[in-house]
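Just below is one structure, and these are the notes that go with it.
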Amino acid sequence: TLFEYSKNPVFNAAGVIVNSTPGTPKDSQKENNFGGTLGGPIRKDHTFFFFNYEGDRFRSFQFAGPMTLPTAAMKTGDFSSWLQDTKGGVPTGVRKQIGTDALDRPVFQNEIYDPTTTRSVTAGQVDQKTGLIASANATIRDPFSSGGNLNVIPAGEFSNATSVLVPLIPDPASAGDFNNDFRLSGCCPILSRNAYTAKIDHVLTTKQKVWGSFTWNHRDRYNRNNSRTFLPFPGQPINPVKRQIVGGPQVRIAHAWTINSRSVNEFSIGYNRFQNQNNITDNAKFTPQLGIPGIPNDCFPPMKFSGHNPVAPLFGVGCKNVDPSESYVYQDTFSYLRGKHSLKFGGEFRRYRYNTYEPGQLSGTFSFTDRETSLPGFTSSTGHAFASFILGAADSGSRSIYTTAPGYRAGVYAFFAQDDFKATSRLTLNLGLRWEIPVPQREVLNRESGFDPTLPNPGADNIPGALVFLGSCSVCNHVGPRFGLAYQIYKNMVFRGGYGISYGPPIENNFGSQNLFGFNSRVNLNARSSPTGFSLDPATYLSTLKSVSLPQQARVGVPSYTGPTLPNRDPASANGQFIDFMPRNAAAQPYVQNWSAGLQYLLPHDVLLQADYVGSKGTRLLNGYFGSSFNQAPTKFMALGDILADDLATDLADPVNVPYPDFENNNYDTSVAAAIQPFPQFQGLINNYPTMGNSTYHSLQLMARKTAPHGLSVIAAYTFSKTLTDTDSALSQSGLQVVQDFYNRKAEKAIASFDFPQVLKLTWIYELPFGRGRKWLNTAGPLDRLVSGWQATAIQNYSSGDPLVITVQNSSPGFFSFFGVRADVVPGVPQKVPSSGLDVLNGTQYLNPAAFAVPPTSPNNGFVLRFGNSPGFLPRTRGPGHSSENFGIVKNTRITERTALQFRADMFNVFNRTGRGDPDTCVDCGSFGIIFDPGHDPRVIQLALRLNF
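Per the working numbering, the sequence shown starts with residue 3, numbered consecutively.
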């Protein structure tokens, strides 16, 4: 067999965004999937071979919306076009004075200031640099000016480091300072995949045979970095593109022995290796050119941007990660027939190995904000992050110190027994039991650390909670019974039902958690820690400037690591950091109970009807949200409001309220909010094995199937279901669930983000009645080859809309809610407004703003005083429904007796109904309830050829 499937943008629809937004490029998606199979005998009746190859080449540059890149003028230091007011993110063209500084000089919107001129002035005294008399005590800076032009950085103040990178930044695709380029969407604009499989079967004797297979998978792709990626692609080192190469071999060897007419034994060995290489770039070649003191040249230091004036939020990616994982599988199954019983007994051992090399940022990472080029007192309206970048003036930075690459080991022993019992001519029972004994994860050299909530912490006056260095975990036994039955009620009616328990594998709890505090470290340069003594001055400069001297006290580059010798087994060494936590029940695996009961009924004319009730209950499910909220401050203290941000000594000076005597002098954060945490000596606690989640699923599943003798086959399926859970995802990075309160986990129970209560699926295929042996044009020869073998097929899907979670922008200090706060639901108010169509330029209102509200907030900082009352996902109000119609035309042509050619054209979303996406669900974000994007991709056509011989 040989085959080729091809997608080309020439055949695809443009889509509503392209049609509605002039200048937006059409998606250039191209994909070729190709390969073939070959099999046959090597030795007649004894040895056979089979080979398969499949390749895939994918290119897609689809644009999701606008983003901002620095203009050509900005790259020369000219920010004069920014020296004006903005409304809604759009410049007005009018320079706006927003105040005066302490020397009575005017201050303008978006004015940029020189951090090398930071100084203090005293009211009534002459400023030695300008000769002006200060009207107040203040910290001031001088605005940038060059050649008499305000807001222009002189060439002599460009950083020697960033001057290497500025010429590599592409010019934006369109004019203007804001939204002047297009960001890419989709996972991976460039992807290549190759898969090879070879298999040998050999008959040893009439009772024994062996077979073995070898598979090699290789996938090479360039991953888009969230909403930060742009053209040209991959465009390194500026574009934050991560090349990833994954794959590896899979080996299987098996032996089957027919002992006698009633007994068969099957033994197999398997080996799997999956190597994940990520962040592969050649960016390190640029690092020596940057000349940043104190960093090695192993990698490229990513540059992050943030501030009130938008710019591409990230340049570059960091160090290469290599995470190889292996598994060894040994299985033996003995089958025995005795009377009405078909028995199976067996055992299995799985060994998992997971090594990881994730060094972090060996060559550093740096953040640039408006602060370094803003005027003190006007930080929210002056300065620009890209101006700070041109100066190499970093707001913060860090460098990894990596000495330990861990290797994790885990496994599971399993034994099972099963009996298929033909009790009567109408009743068949399936009885089974599986016993699993997991071998908990351990580091190969016991190089792990964690958190002991009872261990005295010497760095926090011996209050409970400190770093502990780990050995191994206890072992748990997992028993999973299984039961099933089939009963023929009538000749044309059958009842089926079953129940079973299944456990997750022991590696499910890992997710790459390293637990390596004390073995590796880092050098941190925090914001507001400038050695110059001024809080707004840069934490460091990447390098010296072209021709202007830096202040004498300014830091340049990254200082050397001066911490303790690694590994550092001090129980207090993790104070002030996020620390991993492994609970005592870490080896207890998640498990799911599944049950079902249903009827099948065969009507006349071969119409099969089926109705099933299917349910499940998940227990001890992983919940990364709960795991990351272990150190949440008690909810009752939210009512303190603005006081939470104050220093503890200011508002709660009573020693009784101090968590430990040396808190004010020896804690990473001395705010009231930090002090009321259960373990205030840590910035956060992360439970890497948070088996605290639960779920339930109930569904009615209906299906009708009809195979007609005249060429039409139809399957119609309808599911009515409900999924409730408090653990929407095992990973806290999924971004779907908004968990508010660790201490009230019952309140997190809601419908799941993947709950679609109504789903209708139609599948049909129709063989056109033309050609030899058919009703029309029943003839042979060339005409038959032209008109016969035509089929039309379709897959149609219709479902309820996405569940929606309503959030607020105003939040609380992170010590209370690590993932945000939900809004209040206003009772008695309709939650949706009548709407239709989609306006991608102005948006289409979908949710009713009057139906939701922000919980009460504090007057100064806007901290919420309690959590919102809306559930994790709204139970009745959803996003727009989903519909998808995929249509195909197939032509089968018999060339010779042994050779046939198939051509097919598949049209995905054949009617080009892109629908409407979900609305903005942030109540106080300005565009609440508005839909801007379509819900589905435009029509895509795929052409294919398949040769069978």
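For glycine and all other residues, C-beta sits at the position ideal for the given N, C-alpha and C. For clarity, every value in this text was computed on a predicted model and none was experimentally measured.
- Residue 144 and residue 838 have their alpha carbons spaced roughly 54 Å apart.
- Between residue 433 and residue 489, the C-beta spacing is not below 7 Å.
- Across the structure, residue 73 and residue 794 are spaced so that their CA atoms are roughly 52 Å apart.
- DSSP lists 33, 193 as the bridge partner or partners of residue 60.
- Here the alpha carbons of residue 470 and residue 570 stand approximately 11 Å from one another.
- Taking 4 residues as the shortest admissible run, the region 668-707 contains the following complete alpha helix (DSSP H) segments, listed from N- to C-terminal end: 674-677.
- Among the bridge pairs identified by DSSP, residue 495 is matched with 492, 603.
- Along the length of the region 356-444, whole beta strand (DSSP E) runs at least 3 residues long occupy 367-370, 398-403, 409-424, reported in chain order.
- Rounded to the nearest whole angstrom, the CA to CA distance from residue 423 to residue 344 is 6 Å.
- Bridge pairing for residue 349: 334, 417 [DSSP].
- In the three-state scheme derived from DSSP, where H, G and I count as helix and E and B as strand, residue 724 is classed as strand.
- Residue pairing from DSSP leaves residue 100 without any beta-bridge partner.
- Annotation: the region 790-850 contains the following complete segments of the beta strand (DSSP E) (minimum length 3 residues), in chain order: 792-801.
- Cβ contact annotation for residue 186 (same chain, cutoff 8 Å, sequence separation greater than five): 63, 64, 65, 66, 226, 231, 232, 233, 235, in chain order.
- When the five nearest sequence neighbours on each side are left out, the beta carbons in the same chain lying within less than 6 Å of the beta carbon of residue 223 are those of 190, 193, 246, in order along the chain.
- In summary, residue 480 is buried, with 16 or more beta-carbon neighbours lying within 10 Å of its beta-carbon over all protein chains present.
- Sequence-distant partners of residue 221 (beyond 5 residues in either direction) whose C-beta falls short of 6 Å from its own C-beta, in its chain, are 195, 248, 249.
- In the DSSP assignment, residue 594 is bridged to 504, 620.
- Fewer than three beta-carbon pairs drawn from the region 26-34 and the region 165-172 are found closer than 8 Å, and the two stretches are therefore not classed as touching.
- Per DSSP, the continuous beta strand (DSSP E) segment holding residue 9 begins and ends at 4-9.
- Residue 288 is classed as buried because its beta carbon has at least 16 other beta carbons within 10 Å across all chains shown.
- Closest in C-alpha terms to residue 329, from the list 357, 380, 118, 875, comes 357.
- When C-alpha distances from residue 284 are compared across 237, 415, 393, the shortest belongs to 237.
- Contact between residue 311 and residue 387 holds: their C-beta atoms lie close to 7 Å from each other, under 8 Å.
- Residue 662 carries a coil assignment under DSSP once its states are collapsed to helix, strand and coil.
- Fewer than three Cβ pairs drawn from the region 846-858 and the region 785-799 lie within less than 8 Å of each other, which leaves the two stretches out of contact.
- The Cβ-Cβ distance between residue 381 and residue 373 falls below 7 Å.
- Between the region 724-731 and the region 750-769 there are three or more C-beta pairs closer than 8 Å, enough to call the two in contact.
- Taking the Cβ atoms as the reference, residue 936 lies roughly 6 Å from residue 840, within the contact range of under 8 Å.
- Contact annotation, residue 549 with residue 150: C-beta distance approximately 19 Å; criterion of less than 8 Å not satisfied.
- Pairing residue 393 with residue 82 gives a Cβ-Cβ distance that is not under 7 Å.
- If you draw a straight line from the Cα of residue 506 to the Cα of residue 595, it is about 12 Å long.
- Between the alpha carbons of residue 309 and residue 375 lies a gap of roughly 11 Å.
- Three or more beta-carbon pairs drawn from the region 626-642 and the region 675-689 are found closer than 8 Å, and the two stretches are therefore classed as touching.
- When DSSP states are grouped into helix, strand and coil, residue 239 belongs to the coil group.
- The region 895-911 makes no contact with the region 773-782; the number of CB pairs closer than 8 Å stays below 3.
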